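A.B. asks: Structure provided below as structure tokens; questions to follow.
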Amino acid sequence: MGGIPLPGEFGERARDILAGRLVPVPARDAATVVILREGVEVYLLRRKASMAFAAGAYVFPGGSVDPRDADHAIAWAGPSPAEWGAVFRADERIARGLVCAAVRETFEESGVLLAGPSPESVVADTTGDDWEADRLALIDRSLSFADFLDGRGLVLRSDLLRPWAHWITPEVEHRRFDTRFFVAALPPGQRTRDVGGEADQVAWARPADAVDQAKNGQIFLMPPTYRTLGELRDYRTVAEVLAAEREIVSLMPGIAEVDGEMCIVLDDDYGFGPS
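Every letter in the sequence shown is one number past the one before it in UniProt numbering, and letter 275, counting from 1, is 275.
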């Protein structure tokens with residue numbers, strides 16, 4: 001059993017939580033999407049060093065659910081919220097919010113939009129000043145995702161997403177997220193772009209290469225990202241990834257005292273046990 005040391009205030013916080021002197025912060029519902037292109041390569045963003053959570057880490061696009069993401073006015077094609085809820089063990093309202101957050105955050109952070117003018121089509125190009133204006137309005141929350149889709153006559157394509165994992169931030173963190181991981185293929189014709197915001201760098205990388213760079217200290221990966229990349233590295237095509245049968249098990253890294261030091265506990269291959 002290994003662990004990630006929790007120095008200073010985090011170590012004391014961990015001791016207080018284990019002793020029952022401190023109640024952990026509630027985890028917010030969130031969604032993350034692994035965008036894939038043939039190769040197999042994944043799209044990664046490096047979070048700015050100034051960010052309060054996961055500063056400097058390479059991550060997949062994603063973020064918290066906006067309360068408006070559960071809006072029933074959103075045009076929808078593909079598996080229903082109830083079906084997604086069954087997969088992720090969530091009620092229908094939360095599942096609707098998670099899927100909408102996955103599509104919205106992916107567009108905000110990469111420019112990729114998993115929606116189309118009909119249930120059988122997908123937007124071919126999201127470049128241009130008008131798309132950028134909408135993206136920025138979504139980010140500052142002056143535009144809801146439902147109004148964005150409605151204004152453009154678009155249908156959310158939940159069938160372009162596949163469930164992959166469920167991770168919950170350790171109890172010791174000040175900001176915690178209850179995150180469902182999705183995978184999706186880069187739609188034909190669409191291009192990712194450096195969109196700024198919370199990220200200062202973007203990259204396409206083969207999963208095995210990203211894992212090796214993390215092992216060598218060249219990049220920083222949060223354990224869920226590291227593990228997800230490790231799971232993806234043996235797939236030969238995007239179609240194989242999308243066809244993978246996944247049992248979604250909730251995973252939450254624990255906190256424990258290891259050799260007198262408070263740690264987030266994990267085994268040597270970053271494989272956490274069920275929460």
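Each residue gets a CB set at the ideal place from its N, CA and C atoms; glycine is no exception. Predicted model only: the values in this text are computed from it and were never measured.
1) With a threshold of 8 Å, are at least 3 pairs of Cβ atoms found where one atom belongs to the stretch 167 to 174 and the other to the stretch 17 to 28?
2) Three-state secondary structure (DSSP) at E12?
3) Just the C-alpha distance for E257 and C263, rounded to the nearest angstrom, thanks.
4) In chain order, which continuous runs of the alpha helix (DSSP H) of length 4 or greater are located wholly inside the stretch 116 to 193?
5) How far does the alpha helix (DSSP H) with V87 in it reach, from first residue to last?
6) Using a Cβ-Cβ cutoff of less than 6 Å, which residues in the same chain neighbour A146 once the five nearest sequence positions on both sides are dropped?
7) Which whole-angstrom value describes the C-beta separation of R96 and P81, a residue pair presumed to lie in contact below a C-beta threshold of 8 Å?
8) How about W204 and V34: are their beta carbons less than 8 Å apart?
9) May I ask you to report which of helix, strand or coil DSSP gives A52?
10) With distances taken Cα to Cα, identify the nearest neighbour of A101 among F88, V65, G39 and R152.
11) Any idea if P61 is buried or exposed, counting beta-carbon neighbours within 10 angstroms, 16 or more meaning buried?
12) Given 8 Å as the limit, is there contact between the stretch 140 to 160 and the stretch 110 to 117, that is, 3 or more CB pairs closer than that?
13) Select from L266, G20, L36 and G11 the residue whose C-alpha is nearest the C-alpha of A185.
14) Can you tell me where the beta strand (DSSP E) holding R47 begins and where it ends?
15) So for Y58, helix, strand or coil by DSSP?
16) By the DSSP assignment, the beta strand (DSSP E) with L266 in it spans what residues?
17) Is it buried or exposed for D159, if we count other Cβ within 10 angstroms and need 16 for buried?
18) Report whether the distance from the Cβ of P170 to the nearest heavy atom of the ligand PLP is below 7 Å.
19) Of all the CB atoms in chain D, is at least one closer than 8 Å to the CB of D91?
20) On the criterion of 16 or more Cβ atoms from any shown chain inside 10 Å, does V123 qualify as buried, or is it exposed?
21) Below 6 Å CB to CB, which residues in the same chain sit around A31 once its five sequence neighbours on both sides are set aside?
22) Skipping 5 residues on each side, what residues in its chain have a beta carbon closer than 7 Å to that of R193?
23) From the DSSP output, in three-state form, read off V258 for me.
24) Beta carbon of V211, beta carbon of L229: below 8 Å?
25) From I4 to Y58, what does the alpha carbon distance come to, in whole angstroms?
26) Consult DSSP for Q201 and reduce its assignment to one of helix, strand or coil.
27) Does the Cβ of A133 have 16 or more other Cβ atoms within 10 Å, making it buried, or fewer, making it exposed?
28) Buried or exposed: S144, going by 16 or more other Cβ atoms within 10 Å of its Cβ?
C.D. replies: Put simply:
1) Yes, the stretch 167 to 174 is in contact with the stretch 17 to 28.
2) Reduced to three states, the DSSP call for E12 is helix.
3) Each residue's Cα considered, the two are about 6 Å apart.
4) Whole alpha helix (DSSP H) segments, 4+ residues: 129 to 139 and 145 to 152.
5) For V87, the uninterrupted alpha helix (DSSP H) segment begins and ends at P81 to F88.
6) So the qualifying residues of the chain are D71, A73 and I74.
7) With 8 Å as the limit, R96 and P81 qualify as a contact, their Cβ atoms being about 4 Å apart.
8) A distance of 8 Å or more separates the beta carbons of W204 and V34.
9) For A52, the predicted structure reports a pLDDT of 44, less than 50, and the residue's modelled location is therefore unreliable. A value from the coordinates is still provided. Coil, per DSSP.
10) Measuring from the Cα of A101, the nearest candidate turns out to be V65.
11) Under this definition P61 is a buried residue.
12) Yes: at least three Cβ pairs fall under 8 Å.
13) Here the closest residue by C-alpha is L36.
14) For R47, the enclosing beta strand (DSSP E) stretches over residues E41 to R47.
15) When DSSP states are grouped into helix, strand and coil, Y58 belongs to the strand group.
16) Looking at the DSSP string, the run of the beta strand (DSSP E) that includes L266 is E261 to L266.
17) D159 comes out exposed.
18) Looking for the ligand PLP in the displayed structure turns up nothing, as the structure carries no ligands at all.
19) Here there is only one protein chain, and chain D is not present.
20) Result: buried.
21) Excluding residues within five positions, the ones whose Cβ falls inside 6 Å are G62, L98, A101, A102 and R180.
22) The answer, listed in chain order, is G111.
23) The answer is strand: DSSP assigns V258 an E or B state.
24) In contact: V211 and L229 (Cβ atoms closer than 8 Å).
25) About 18 Å.
26) It is a strand residue.
27) By the 10 Å Cβ count, A133 comes out exposed.
28) Label assigned to S144: buried.
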